[in-house]
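*Asks:* Structure provided below as structure tokens; questions to follow.
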Amino acid sequence: RKQTTVLDVQNMYAKGDKITVLTAYDYPFARMMDQAGIDMILVGDSVGSVFSGYDTTLPVTMEEMIYHTKAVMRGSQGALVIADMPFLSYQVDVRDACLNAGRLVKDAGAHAVKLEGGENVADTIRAIVNMDIPVVAHIGLTPQSIHRMGGYRVQGRKEEQARQLIADAKAVAEAGAFAVVLEGIPADLAKEITESIDIPTIGIGAGVHCSGQVLVIHDILGLCEKYSPKFVKVYADLAPLIKEAMTSYIDEVRAGTFPGDEHSF
Ligand code: KIV
Ligand code: NA
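As structure tokens, then:
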């Protein structure tokens, strides 16, 4: 498979082809989705929730993002890999943000970085893009803002919030982001935003009118049993199958029926 570049993504957008994105945090999942033909892989800071078991994404560190991004890079042969910038790696000042974005590219091998925010991070996006690191923005329900939002709730339902989100989308596009994730916003607003900017929108809980879609891999495989938000479609409910395999193994070891002759030297 040939390497997908930012240019390819821009060409897909120009042609009106939908852009497909999934998250990955490790080698095996990255390899499988790469072979399945995914356009972009996001090493999301959702790793904090779905891999590490934290309640929020706030505790995720640069070191963890680098570790997971490296594993994903080894599994990915053609997908464009975007690494999330974790909480506190870009909010304090632009110099920090540039150094941390640089680490995700230089130390981990990511092709692009993603950070949360709109008008408030436009200068930061511009500075990273000026270092020739492609940036994906992320607006709407931004999980790192959980304490401001007061929970993971749909954003932009009120007119004033909706206007702000349109301004945010325009600001990140103007700052040089090559795509923007729209998370947890009404489908009509996502459509309006998609039509008001000239970079692709990647939706998650933002309806069908976005230029592409992203979902968390553990969610579409039914591996997150805690709760499943409305926007998730479980394409394969694997947790029961995995547990069944585990119980079979436990039962067979206890019964002395594993290993058999065919597994023994
Ligand atoms: O961290 C993540 O997985 C994300 C996507 C849900 C957009 O940011
Ligand atoms: Na994220």
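Converting from the sequence shown to full-length UniProt numbering requires adding 1 to each position, the first position being numbered 1.
In this text, a Cβ means the ideal position worked out from N, Cα and C, and glycines have one as well.
It should be emphasised that the depicted structure is a prediction, and the values quoted were computed from it without experimental measurement.
#1: Taking 8 Å as the threshold (beta carbon to beta carbon), is Val217 in contact with chain B?
#2: Considering only their Cβ atoms, is the gap separating Ala170 from Ile186 smaller than 8 Å?
#3: Grab the span of the alpha helix (DSSP H) containing Leu100 for me, first residue to last.
#4: Is there at least one non-hydrogen atom of the ligand KIV closer than 7 Å to the beta-carbon of Ile205?
#5: Which one of Ile198, Phe232, Gly223, Cys225 has the shortest CA to CA distance from Gln214?
#6: Considering only the alpha carbon of each residue, which of Val95, Ser77, Ile126 lies closest to Val173?
#7: Quick check on His219: does DSSP put it in helix, strand or coil?
#8: Examine the ligand NA and report whether any of its heavy atoms sits within less than 7 Å of the Cβ of Asp85.
#9: State the CB to CB distance for the pair Ala102 and Ile83, rounded to an integer number of angstroms; the pair is presumed to be in contact (CB under 8 Å).
#10: At the level of alpha carbons, what is the spacing between residue 274 and Phe259?
#11: Quick check on Glu64: buried or exposed, where buried means 16 or more other Cβ atoms within 10 Å of its Cβ?
#12: Going residue by residue through the stretch 174-208, where are the continuous alpha helix (DSSP H) segments of at least 4 residues, counting only ones entirely within it?
#13: With respect to 7 Å, is the separation between the Cβ of Gly45 and the closest non-hydrogen atom of the ligand KIV below this value?
*Replies:* Reading it off the structure:
#1: No chain B is part of this structure, which consists of one protein chain only.
#2: no
#3: 95-107
#4: yes
#5: Phe232
#6: Ile126
#7: helix
#8: yes
#9: The Cβ separation is near 11 Å, so there is no contact.
#10: For residue 274 there is no data in the structure shown, the boundaries of the chain being 2 and 266.
#11: exposed
#12: 188-197
#13: yes
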